[in-house]
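Going line by line, the protein sequences match chains A and B.
Each step along the first sequence adds one to the number in this note's numbering, with nothing skipped, and position 37 is 714.
Each step along the second sequence adds one to the number in this note's numbering, with nothing skipped, and position 330 is 334.
Only one structure is covered here, and it is reproduced in the block below.
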Amino acid sequence: MAITTRFNDGTFEALNGEKVIVYQPFKPTPTGDQVAWADKAEADAWWETIKNMHGVVDETPPSE
Amino acid sequence: MPEVAVNRASNSMYAVIEDANLSKNRIFIEGQGYDANTLSPLWMQKYHFNHAESYIYTHDNFVEWGLMILSKGVESCWGNGDSQSYNTGFVDTRWRSLDFPNFPVRRGWKTAGGRSYYSITGRTNANSGDNFNNIHIVADDATLGTTYQSGNSEGVPNAFLFEDSSNNRMWGFFSGRPDFDRIMTWTGYESGLNSISRPLDSQWQRHFFMGRDDSGFLFFVTVRLNDTAHFSRYTISKIHPSSTAVTTVISDSHRSYNNHYMRSYPSNIRRDSATRRVFYSSHFEGTYSSLSPIRYVWNPSDGSVAAANCTMTYAGADTFATHAAAYSTEGADYYNRNSWNMQPWQFTVSGTNYITFWIIDRSAAFGSGSSRWSSSGKRTMMTYTIGSGTNDNVLTYHSKVTFASVNDIPRGLMPMNDAGTQMAVPYTGGLRFYTFNTTTGWEMTSTYPTEFRMIGLDQSNRLWGASREKGSHTIHVITPTLPITISVVMADTSYVYTGNSISTTANVNAYNSTGDRVAANVSLTIDGNGMLFTSSNSKNTTLATSNSTNTQVSITISGGGLNNIIASVDI
């Protein structure tokens with residue numbers, strides 16, 4: 678299922694179908710300071726750099 | 005206790021499985037059950053491997069790695085090449101958790117509902133892409149067979165991180181090929197693996213479990229391995245306990261070093277207070293320059309983490325380079341699937357915190373190990389005193405250990421006591437125990453002459469090791485806390501015999517391998533003809549030493565010449 682994103686009220690979210698897999702209400706920094714997102718474009722650019730870290734959801738476990 | 009089992013019959017038996025239901029006090033050695041205290045065989049009690057293991061029994065994982073399941077963690081300590089080969093770069097259960105005493109990671113896990121999970125897991129040969137993972141769930145008794153099992157290459161976890169009964173979730177990790185690393189969670193865990201999610205699922209990265217905050221979020225440090233600059237960048241994430249949505253708390257945390265294929269793993273967590281948990285990175289600054297860690301302060305009450313660069317302090321004009329050198333890139337793989345890493349370890353002695361930056365190389369004896377560790381500077385590990393209070397980002401040089409040769413480089417690390425001041429350290433050719441001394445630093449206290457593929461601790465703090473010196477594999481149990489040192493000190497440094505008997509005393513003490521005075525039954529024998537033990541009026545006596553004060557023995561000198569006292573211990 679394709680991953681989609683949305684940006685509402687300063688919070689960025691990535692979704693797998695209806696399921697929120699990333700909930701990011703602030704811009705993360707190297708120091709831990711939690712800075713407000715400047716805009717959706719900034720959040721989208723950040724997502725592009727980290728999206729490979731997040732995997733699938735609701736997978737049926739394989740069995741022998 | 006030394007060697008306890010030699011497997012000559014099969015090359016594919018799981019070496020040791022401690023019963024996840026610890027109350028059963030049972031350990032399976034090559035499938036056969038034993039009483040965990042006495043190691044007496046338990047009649048007709050065998051781990052119930054099922055048909056699904058048919059392919060496992062033909063695989064050589066068990067020979068190569070001597071796999072074990074032990075409740076206080078296991079440590080892989082062997083690889084056969086610089087990268088992309090058996091076991092290189094694998095992080096086993098002991099080092100998956102930064103807070104192991106409070107959040108242990110295990111391959112055997114007893115659930116609140118009375119079931120037990122076992123990850124009967126082979127490791128990956130990255131060259132062939134093989135993975136062999138099997139999950140068993142048993143109801144109460146591992147000798148009676150599974151209620152559920154799932155075998156798969158990459159879809160089931162290697163080990164279990166956390167059981168969250170309130171959200172009906174189990175958490176675990178999968179680490180297969182040197183490039184894969186996944187945090188996994190599933191629901192309905194008492195019956196099986198249902199609706200598996202992989203909130204963190206990365207190539208070229210390693211995830212470390214920090215524990216949970218006060219709101220129930222699970223926190224992880226992710227170390228990125230294949231950067232083209234600023235190697236070992238850290239990301240800290242928190243995962244919602246029910247929705248599994250991920251929020252990044254810290255991103256892109258690093259120091260500035262390039263062209264340097266080091267795995268700079270995080271230290272264990274120190275709990276200063278209910279609102280302050282602290283750990284450190286092992287980053288470097290500059291190219292082959294200086295150790296420059298980052299301090300991370302996690303407040304579990306609000307979920308925040310603050311990062312600050314450490315200030316490194318040395319005597320006079322000294323620098324890191326005065327004492328040590330960062331090891332270099334010989335044998336490094338582009339994706340950093342390498343067998344070596346830095347493993348920082350912090351501990352507390354008498355209210356003072358220390359941190360040692362251990363160097364680990366599972367393949368030191370293979371590939372480019374000899375050039376990677378070619379100088380004494382590269383083979384030197386550093387220990388620092390941590391500043392007090394909130395000045396704990398100031399690290400002051402304390403001491404160093406230089407490993408004599410490439411074969412002396414640690415292949416792994418296993419803390420042996422709660423204080424963290426005693427380490428079991430496998431190396432090429434054997435196993436050593438190191439003890440920390442606040443004046444002189446880490447000192448080697450004893451050696452066990454067997455080279456291990458895996459070591460681990462059971463619930464009784466016994467060290468187990470799987471090796472390959474005989475048969476398909478050999479199992480050892482090693483207890484490092486025997487009274488190995490006996491001290492006998494006469495009341496005076498010299499005596500002048502003038503024809504009259506001299507009554508005097510000697511202080512007798514026994515010390516264990518950590519240097520602590522212990523109670524022991526000591527046998528003393530006089531070698532010489534000029535004195536006797538007063539109480540027995542003979543050359544032999546026995547006494548029980550105290551663990552708190554000198555134990556005195558009376559001696560009568562009745563002649564001149566040289567006399568020695570020979571001591572031995574009844575164990």
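Think of the CB as a built atom: it goes at the ideal place given N, C-alpha and C, for glycine as much as any other residue.
Look at B:Leu26 here: in three-state DSSP terms it is helix. Between B:Arg111 and B:Arg415, the alpha-carbon positions lie close to 21 Å from each other. For B:Val492, the closest C-alpha among the options B:Leu528, B:Ile482, B:Thr478, B:Thr483 is that of B:Leu528. In the structure shown, B:Arg341 adopts coil according to DSSP, grouped into three states.
Residue pairing by DSSP places B:Met72 opposite B:Val20 in a beta bridge. Contact of A:Ile680 with chain B is not assigned, every C-beta pair being separated by 8 Å or more. Rounded to the nearest whole angstrom, the CA to CA distance from B:Met214 to A:Val699 is 19 Å. Among the residues facing chain B, A:Gly709 is included, as its CB has a counterpart in that chain under 8 Å away. Only buried fits B:Asp185, as 16 or more other CB atoms lie within 10 angstroms of its CB. Secondary structure remark: continuous beta strand (DSSP E) runs of at least 3 residues inside the stretch 495-551 of chain B, in chain order: 506-515, 525-531, 535-537, 544-548. Fewer than three pairs of CB atoms, one per stretch, sit closer than 8 Å, so the stretch 294-308 of chain B makes no contact with the stretch 365-382 of chain B. Within the same chain, Asp86, Glu334, Gly335 come within 7 Å of B:Ser372 by CB-CB distance, once the 5 residues on both sides are set aside.
Across the structure, B:Tyr193 and B:His327 are spaced so that their CA atoms are roughly 51 Å apart.
Within the stretch 232-262 of chain B, Arg237, Tyr238, Thr239, Ile240, Ser241, His244, Ser247, Thr248, Ala249, Val250, Thr251, Thr252, Val253, Ile254, Ser255, Asp256, Ser257, His258 place their CB atoms closer than 9 Å to a CB of chain A, listed in sequence order.
For A:Trp714 against A:Gly687, the beta-carbon gap comes to about 6 Å, under 8 Å, which counts as contact.
The continuous stretches of alpha helix (DSSP H) do not include B:Gly176, which lies in the beta strand (DSSP E) extending over residues 173-178. DSSP lists B:Ile359, B:Tyr401 as the bridge partner or partners of B:Tyr388. Listed along chain B, the residues sitting closer than 7 Å to A:Val699 by beta-carbon distance are Ala249, Val250. The stretch 399-408 of chain B makes contact with the stretch 432-451 of chain B; the number of CB pairs closer than 8 Å reaches 3 or more.
For B:Asp218, there are no C-beta contacts with chain A under 9 Å, since the nearest C-beta of that chain is about 17 Å from it.
8 Å or more divides the Cβ of B:Val398 from the Cβ of B:Ser374. Spatial neighbours of B:Asp256 in its own chain (CB-CB distance under 6 Å, excluding positions within 5 residues in sequence) are listed in chain order as Arg237. Around the CB of B:Tyr338, fewer than 16 other CB atoms lie within 10 Å, so the residue is classed as exposed.
Within 10 angstroms of the beta-carbon of B:Leu566 lie fewer than 16 other beta-carbons, which makes it exposed.
Note that the C-beta distance between B:Tyr452 and B:Ile482 is below 8 Å. When Cβ-Cβ separations below 8 Å define contact, A:Asn729 makes contact with chain B.
The beta-carbon separation of B:Pro245 and B:Asp168, rounded to 6 Å, stays under the 8 Å limit for a contact. The straight-line gap separating the alpha-carbon atoms of B:Thr389 and B:Thr279 is approximately 22 Å. Less than 8 Å separates the beta-carbon of B:Tyr51 from that of B:Thr147. Taking the CA atoms as reference points, B:Arg457 sits about 6 Å from B:Ala470. Exposure of B:Lys474 is indicated by the presence of fewer than 16 other C-beta atoms within 10 angstroms of its C-beta. In this structure, the straight-line span from the alpha carbon of B:His477 to that of B:Asn421 is close to 27 Å.
Residues Val492, Val493, Met494, Ala495, Gln556, Val557, Ile559, Ile569 of the same chain have their beta carbon placed closer than 8 Å to that of B:Ala510, with the five preceding and five following residues left out of the count.
For the stretch 304-320 of chain B, the residues whose beta carbon sits under 7 Å from a beta carbon of chain A are, in order, Ser308, Val309, Ala310, Ala311. Annotation: B:Ser498 to B:Ala321 spans about 47 Å, alpha carbon to alpha carbon. In the structure shown, B:Lys242 adopts extended strand secondary structure according to DSSP, grouped into three states.
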